[in-house]
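Inspection log for the structure reproduced underneath, given as C-alpha cells.
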C-alpha cells in the first residue's frame with residue numbers, strides 16, 4: 266500500500282522537474298510580487314516539510330520540526346522556509362541566492378530521495394496514527410497530504426514563471 | 046505484517062483523492078471575487094477561466110477514456126484558453142461542478158476490479174486508478190495557482206483548511 270503513495274510522490278517530482286525545465290537562473294530567487302514567494306523559496310518550503318516529516322527525529326521516534334535532529338541535511342532545509350509569513354519576512358541567504366535553478370531542483374530531488382529512504386525503512390502501517398500529524402490522522406492521510414502539498418506548490422512555481430514573463434511549455 | 050504488500054482499496058483511494066481535490070478547488074473558486082475570473086494580470090498569467098476550462102477538459106477527456114468512449118481530439122498548440130461563453134463566475138463554477146460530478150459518478154460506477162484493470166490510452170496501457178491519480182494531482186497543481194491569484198488580489202486567507 267505504501268507503494269501506491271510512493272508512486273504518487275514520484276509523479277509529483279516528475280512535475281517538479283518539469284516546472285524547473287528552462288527556468289532562467291536569474292528568476293530562481295525572484296519574488297514576482299512582494300506578497301508571493303519565489304520558485305527557490307517554494308522549493309525550500311516543499312523540501313523542509315518533506316524532510317521534517319519523514320527524516321525529522323523526535324525522541325519518540327516520530328517526526329519533528331527541529332532541523333538540528335533532521336537526518337537529511339541541505340541548504341534548502343532552513344527554518345525560514347517552514348511557514349509562509351516567516352519566509353516572506355526573511356530574505357534567502359547568500360548561499361541560497363548562489364544556487365542556480367538546476368542546483369535547487371537537484372537538491373530538492375536529493376532531499377526527497379533521502380526522505381523516502383527513511384520512510385521505506387520505517388515501513389509504517391498506513392492505518393496507524395502519524396506522529397505530529399493530529400490525533401485522528403493516519404499515515405495514509407499524511408502521505409496524501411504530502412503529495413497534495415508538493416503538487417499545490419509546484420503549480421505555483423508555474424505561476425511565478427508566468428508572472429516573471431516566462432512561457433514554460435507546461436503550465 | 047509488511048504494509049508494502051497489504052492490499053489497497055483502489056476504488057476508495059481513487060474516489061477519496063478526487064473528492065478531496067475537487068472540494069479544495071471548489072472552495073478556492075468560490076472564494077474568488079467575480080472580477081478575478083477573467084483577470085490575466087496585465088497579460089502575464091492565465092485567467093481563472095482558462096485554468097478551470099483546462100481542468101474540466103482534462104477530466105472530461107480522461108473520463109471518456111475511462112468509460113470506453115472515443116475521446117475528442119486534444120487541442121494542441123499551446124496553453125488551453127477558455128471559450129468566449131466561459132465568462133462569469135456562476136457559469137465557470139457550475140461547469141466545474143458538473144464536470145467533477147460526472148467524473149465522480151464515472152468512478153463510482155466501476156467495480157474495484159475495473160479500477161485496476163488494464164486500460165488502453167493513446168499513450169499506452171495504464172489503468173483507471175492511475176488515471177484517477179493523474180486527475181487528482183492535476184487539480185492540486187491548479188489549486189495552488191488559484192491560491193496565488195487570490196494573493197495577487199490581496200487575499201492571503203486559507204479557504205479550504
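Protein chains in written order, with the working numbering: chain Y, 266 to 436; chain U, 46 to 206. We put the CB at the ideal spot given by N, CA and C, even for glycine.
For residue i, return the contacting residues in chain U, with the cut-off set at a CB-CB distance below 8 angstroms.
{"i": "residue 277 (chain Y)", "result": "182"}
{"i": "residue 351 (chain Y)", "result": "Under the 8 angstroms cutoff, chain U gives no residues; its nearest Cβ is about 14 angstroms from residue 351 (chain Y)."}
{"i": "residue 409 (chain Y)", "result": "61, 62 and 65"}
{"i": "residue 301 (chain Y)", "result": "193, 196 and 197"}
{"i": "residue 285 (chain Y)", "result": "Neighbours of residue 285 (chain Y) on chain U: none; closest Cβ ~14 angstroms, over 8 angstroms."}
Would you mind telling me which residues of chain Y sit closer than 8 angstroms to residue i, beta carbon to beta carbon, in chain order?
{"i": "residue 186 (chain U)", "result": "280, 416, 417, 419, 420 and 423"}
{"i": "residue 189 (chain U)", "result": "416, 417, 418, 419, 420, 421 and 424"}
{"i": "residue 124 (chain U)", "result": "436"}
{"i": "residue 73 (chain U)", "result": "Simply none; closest approach about 10 angstroms."}
Once the 5 residues before and after residue i are set aside, which same chain residues still bring their CB inside 6 angstroms of it?
{"i": "residue 303 (chain Y)", "result": "294, 295 and 296"}
{"i": "residue 395 (chain Y)", "result": "402, 404 and 407"}
{"i": "residue 415 (chain Y)", "result": "277 and 311"}
{"i": "residue 62 (chain U)", "result": "181"}
{"i": "residue 5 (chain U)", "result": "The structure shown does not extend to residue 5 (chain U), since chain U is modelled only from 46 through 206, so no value can be given for it."}
{"i": "residue 270 (chain Y)", "result": "408"}
{"i": "residue 95 (chain U)", "result": "126 and 127"}
Identify the contact partners of residue i in chain Y, using a Cβ-Cβ distance below 9 angstroms as the criterion.
{"i": "residue 205 (chain U)", "result": "What residue 205 (chain U) touches in chain Y: nothing, since even the nearest Cβ is about 10 angstroms away."}
{"i": "residue 97 (chain U)", "result": "Chain Y residues near residue 97 (chain U): none, gap ~13 angstroms exceeds 9 angstroms."}
{"i": "residue 172 (chain U)", "result": "Neighbours of residue 172 (chain U) on chain Y: none; closest Cβ ~12 angstroms, over 9 angstroms."}
CB-CB under 8 angstroms to residue i, same chain, minus the five flanking residues each way: which ones, in chain order?
{"i": "residue 284 (chain Y)", "result": "304, 419, 422, 423, 426, 433 and 435"}
{"i": "residue 201 (chain U)", "result": "195"}
{"i": "residue 47 (chain U)", "result": "Any reading at residue 47 (chain U) needs caution, since the residue's pLDDT is 44, under 50, leaving its predicted position unreliable; the model's value is listed next. The answer is none, since no qualifying residue turns up."}
{"i": "residue 266 (chain Y)", "result": "391 and 405"}
{"i": "residue 346 (chain Y)", "result": "306, 309, 310, 312, 313 and 352"}
Going by DSSP in three states, residue i sits in which element: helix, strand or coil?
{"i": "residue 48 (chain U)", "result": "Only weak support is given to the placement of residue 48 (chain U): the predicted model assigns it a pLDDT of 45, under 50, and the value that follows is read from those uncertain coordinates. It is helical."}
{"i": "residue 72 (chain U)", "result": "helix"}
{"i": "residue 403 (chain Y)", "result": "strand"}
{"i": "residue 394 (chain Y)", "result": "strand"}
{"i": "residue 289 (chain Y)", "result": "coil"}
{"i": "residue 53 (chain U)", "result": "coil"}
{"i": "residue 206 (chain U)", "result": "coil"}
{"i": "residue 294 (chain Y)", "result": "coil"}
{"i": "residue 78 (chain U)", "result": "coil"}
{"i": "residue 348 (chain Y)", "result": "coil"}
{"i": "residue 110 (chain U)", "result": "helix"}
{"i": "residue 363 (chain Y)", "result": "coil"}
{"i": "residue 335 (chain Y)", "result": "coil"}
{"i": "residue 192 (chain U)", "result": "helix"}
{"i": "residue 371 (chain Y)", "result": "helix"}
{"i": "residue 431 (chain Y)", "result": "coil"}
{"i": "residue 199 (chain U)", "result": "coil"}
{"i": "residue 321 (chain Y)", "result": "coil"}
{"i": "residue 413 (chain Y)", "result": "helix"}
{"i": "residue 309 (chain Y)", "result": "helix"}
{"i": "residue 384 (chain Y)", "result": "helix"}
{"i": "residue 268 (chain Y)", "result": "helix"}
{"i": "residue 88 (chain U)", "result": "coil"}
{"i": "residue 101 (chain U)", "result": "helix"}
{"i": "residue 273 (chain Y)", "result": "helix"}
{"i": "residue 355 (chain Y)", "result": "coil"}
{"i": "residue 303 (chain Y)", "result": "coil"}
{"i": "residue 61 (chain U)", "result": "helix"}
{"i": "residue 182 (chain U)", "result": "helix"}
{"i": "residue 95 (chain U)", "result": "helix"}
{"i": "residue 426 (chain Y)", "result": "helix"}
{"i": "residue 341 (chain Y)", "result": "coil"}
Grab me the residues of residue i's own chain with a C-beta within less than 7 angstroms of its C-beta, minus the 5 sequence neighbours each way, in chain order.
{"i": "residue 184 (chain U)", "result": "66, 67, 70 and 100"}
{"i": "residue 337 (chain Y)", "result": "316, 320, 376, 379 and 380"}
{"i": "residue 108 (chain U)", "result": "147, 148 and 151"}
{"i": "residue 105 (chain U)", "result": "144"}
{"i": "residue 121 (chain U)", "result": "none"}
{"i": "residue 192 (chain U)", "result": "73"}
{"i": "residue 174 (chain U)", "result": "55, 59, 160 and 161"}
Using a C-beta to C-beta distance shorter than 7 angstroms, which residues of chain Y count as neighbours of residue i?
{"i": "residue 53 (chain U)", "result": "266 and 269"}
{"i": "residue 58 (chain U)", "result": "269"}
Taking C-beta pairs closer than 9 angstroms, name the residues in chain U that residue i reaches, listed in chain order.
{"i": "residue 428 (chain Y)", "result": "86, 89, 90, 193 and 197"}
{"i": "residue 273 (chain Y)", "result": "62, 178, 181 and 182"}
{"i": "residue 298 (chain Y)", "result": "196 and 197"}
Which residues of chain U have a Cβ atom closer than 7 angstroms to the Cβ of residue i, listed in chain order?
{"i": "residue 346 (chain Y)", "result": "What residue 346 (chain Y) touches in chain U: nothing, since even the nearest Cβ is about 16 angstroms away."}
{"i": "residue 413 (chain Y)", "result": "185"}
Legend entry - Every unbroken alpha helix (DSSP H) within the region 116-180 of chain U, with a cutoff of 4 residues, ordered by chain: Segments of the alpha helix (DSSP H) lying fully in the region 116-180 of chain U: 134-153 and 157-161.
Inset, instruction - Report yes or no: do three or more beta-carbon pairs, one from the region 155-172 of chain U and one from the region 52-59 of chain U, lie closer than 8 angstroms? - result: Touching, yes, given that three or more Cβ pairs across the two stretches are closer than 8 angstroms.
Legend entry - Contact the region 141-149 of chain U vs the region 114-126 of chain U: 3+ CB pairs below 8 angstroms: Flag = no, the region 141-149 of chain U and the region 114-126 of chain U do not touch.
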